[in-house]
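Take any residue in the sequence shown, count from 1 to its spot, add 15: that is its number in my numbering. Ideal Cβ positions, reconstructed from N, Cα and C, are used throughout, including at glycine.
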Amino acid sequence: MILITGGAGYIGGHTAINFLNAGYDLVIFDSLETGHIETIETLKQIGNVSFIKGDLRHPDDLEKLFSEYKIDAVIHFAAFSLVGESVFNPAKYYRNNTYGTINLLDAMIEHDVKKIVFSSTCATYGEPEYTPIDEKHPQNPINPYGASKLMVEKIMADYDAAYGLKSIKLRYFNVAGCDEKIRIGEWHNPETHLIPNILKSTFTGGQTFKIFGNDYNTPDGTCIRDYVNVEDLAEAHRLALEYLNRENKSDVFNLGTEQGDSVKNIFDTCEKVLGTEIPVEIAPRRAGDPAKLYADATKAQTVLGWKPERSIEQSIKTAYDWECNLQKIIKDTD
Ligand code: UFG
Numbered sequence: 016m017i018l019i020t021g022g023a024g025y026i027g028g029h030t031a032i033n034f035l036n037a038g039y040d041l042v043i044f045d046s047l048e049t050g051h052i053e054t055i056e057t058l059k060q061i062g063n064v065s066f067i068k069g070d071l072r073h074p075d076d077l078e079k080l081f082s083e084y085k086i087d088a089v090i091h092f093a094a095f096s097l098v099g100e101s102v103f104n105p106a107k108y109y110r111n112n113t114y115g116t117i118n119l120l121d122a123m124i125e126h127d128v129k130k131i132v133f134s135s136t137c138a139t140y141g142e143p144e145y146t147p148i149d150e151k152h153p154q155n156p157i158n159p160y161g162a163s164k165l166m167v168e169k170i171m172a173d174y175d176a177a178y179g180l181k182s183i184k185l186r187y188f189n190v191a192g193c194d195e196k197i198r199i200g201e202w203h204n205p206e207t208h209l210i211p212n213i214l215k216s217t218f219t220g221g222q223t224f225k226i227f228g229n230d231y232n233t234p235d236g237t238c239i240r241d242y243v244n245v246e247d248l249a250e251a252h253r254l255a256l257e258y259l260n261r262e263n264k265s266d267v268f269n270l271g272t273e274q275g276d277s278v279k280n281i282f283d284t285c286e287k288v289l290g291t292e293i294p295v296e297i298a299p300r301r302a303g304d305p306a307k308l309y310a311d312a313t314k315a316q317t318v319l320g321w322k323p324e325r326s327i328e329q330s331i332k333t334a335y336d337w338e339c340n341l342q343k344i345i346k347d348t349d
């Protein structure tokens with residue numbers, strides 16, 4: 016039995032589908048603060064999933080979970096992940112992402128569960144000193160979100176040395192797209208991410224899409240990011256767990272496509288994929304946005320055998336189909 020924390024969320028939910036398709040039994044632990052019960056209901060139709068509503072900040076919830084289920088390994092997503100919010104509410108990030116994870120690790124040690132795959136982020140690197148960014152790049156996060164995840168990476172290294180807890184840290188770049196059957200997708204409130212925001216502006220009553228800054232030191236002046244498809248990313252978690260089972264050693268991997276796409280480029284691709292003009296305006300820069308972030312993911316490719324397969328066009332297409340579903344879900348529940 017594999018425990019997925021945050022399995023009712025965007026990346027956790029897609030990873031759950033990947034594991035269910037591979038025949039794993041899952042227990043999902045999620046507070047539903049940002050995750051959705053609808054995702055759990057969908058997952059239950061795909062395979063063997065138990066669900067526990069609980070909070071990492073409450074050790075009693077974790078004790079109940081670990082006493083009730085015989086867990087072999089943990090895939091840990093549950094976290095808050097808005098960079099901007101973390102700047103004005105750091106306590107929320109350190110309490111949940113850092114302290115909550117310590118509670119999880121302690122429950123694991125207590126119940127002799129010694130393997131974890133952890134959802135880390137390229138935000139732990141901070142302002143890049145060089146690109147593409149490899150795993151050896153210095154880690155100097157510039158916001159509490161990145162710092163809350165970096166602390167966990169360090170705690171995990173200490174827990175390995177002291178208690179033999181083995182961890183794989185996966186540092187994601189930007190994540191896009193959804194399940195090709197459009198059963199689940201990106202569902203944040205408020206939505207701050209680039210692709211869903213572009214797509215939302217195509218619906219009647221939607222806001223004009225805003226490009227946050229066109230005066231960066233990049234070829235077209237807009238920020239460059241590395242957009243990895245969520246199904247490809249989900250696959251990397253399964254490969255990481257299989258690697259952990261095989262090698263029984265801690266490690267860290269970047270997950271990205273190694274392809275840098277500018278905001279303008281993504282916007283143009285959305286117009287092309289949808290075959291429509293999308294309303295757009297240039298707005299001031301958003302605080303905390305580095306100009307250029309993209310991955311060197313050679314290590315994940317050579318060591319894990321991971322290869323991102325889906326194009327940015329595919330990610331945009333599935334994200335749009337999901338967005339159409341979401342508009343309907345939101346209207347029906349209003
Ligand atoms: N952007 C716009 N308009 C929007 C939304 C975004 O121009 O309406 C721009 C941003 O300014 C940025 C780019 O699109 O330049 C990507 O922004 P996102 O909000 O989609 O993603 P971020 O790169 O800010 O953040 C993502 C994850 C974080 C993670 C980070 C690591 O959401 O959790 O990648 O870089 F930490």
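Comparing alpha-carbon positions, which option in the options lies nearest residue i?
i	options	result
E250	A23, N33, A106 and Q329	N33
K279	A312, T233, D173 and T291	T233
Y335	I297, R325, L289 and T113	L289
T237	V267, D276 and N204	D276
N351	D311, K130 and R301	This structure cannot speak to residue 351, because the chain is shown only from 16 to 349.
V132	K343, A255 and K332	A255
T333	R300, I197 and G221	I197
F282	I331, Y108 and G221	I331
K346	R300, N260, G220 and Y39	G220
Between the beta-carbon of residue i and the beta-carbon of residue j, is there less than 8 angstroms?
i	j	result
I52	G22	no
M171	S182	yes
I226	V318	no
T217	T291	yes
P143	L35	no
V102	G228	no
E150	K314	yes
S93	L71	Here the sequence assigns Ala to residue 93, which means Ser is not the residue at that position. Yes.
R253	A37	yes
E338	L214	yes
M16	I86	yes
K164	T139	yes
G69	S46	yes
G115	Q329	no
S134	H203	no
I124	Y84	no
A306	Y231	yes
I327	T284	yes
S265	D175	yes
C137	A298	no
Using a Cβ-Cβ cut-off of 6 angstroms (strictly less than) and excluding sequence neighbours within five positions of residue i, which residues of its own chain qualify?
i	result
H126	F81
I199	G28, T54 and T57
I67	F44 and L80
Y258	L319
Using C-beta distances below 7 angstroms, list every residue in its chain close to residue i, excluding the 5 sequence neighbours before and after it, in chain order.
i	result
V190	I26, V243, V245 and L248
Q316	K322
A312	N269, L270, G271 and E273
D76	G69 and D70
Y108	F95, S101, P159, Y160 and S163
Taking 8 angstroms as the limit between beta carbons, can you name the residues of its chain near residue i, skipping five residues before and five after?
i	result
L341	G200 and W202
For this session: Run through the segment 224-295 for me and flag every whole alpha helix (DSSP H) of 4 or more residues, listed as ranges in chain order.
Result: At a cut-off of 4 residues, the continuous stretches assigned as alpha helix (DSSP H) that sit fully inside the segment 224-295 are 245-262 and 278-289.
Problem set entry | Three or more C-beta pairs below 8 angstroms linking the segment 233-253 and the segment 261-276 | Touching, yes.
Exercise. Are the segment 151-170 and the segment 206-218 touching, with three or more C-beta to C-beta distances below 8 angstroms?
Worked result: Proximity of the segment 151-170 to the segment 206-218 falls short of the contact definition, fewer than three beta-carbon pairs being nearer than 8 angstroms.
Problem set entry | Any alpha helix (DSSP H) of 4 or more consecutive residues that is wholly inside the segment 104-174 | DSSP runs (the alpha helix (DSSP H)) wholly in the segment 104-174: 105-108 and 115-125.
Exercise. Do the segment 176-194 and the segment 105-124 make contact, defined as three or more Cβ pairs closer than 8 angstroms?
Worked result: The segment 176-194 is in contact with the segment 105-124.
For this session: Could you name each continuous alpha helix (DSSP H) segment of 4 residues or more that falls completely within the segment 38-114, going from the start of the chain to the end?
Result: Counting only runs of 4 or more residues that sit fully inside the segment 38-114, the alpha helix (DSSP H) segments are 52-61, 74-83, 98-103 and 105-108, in chain order.
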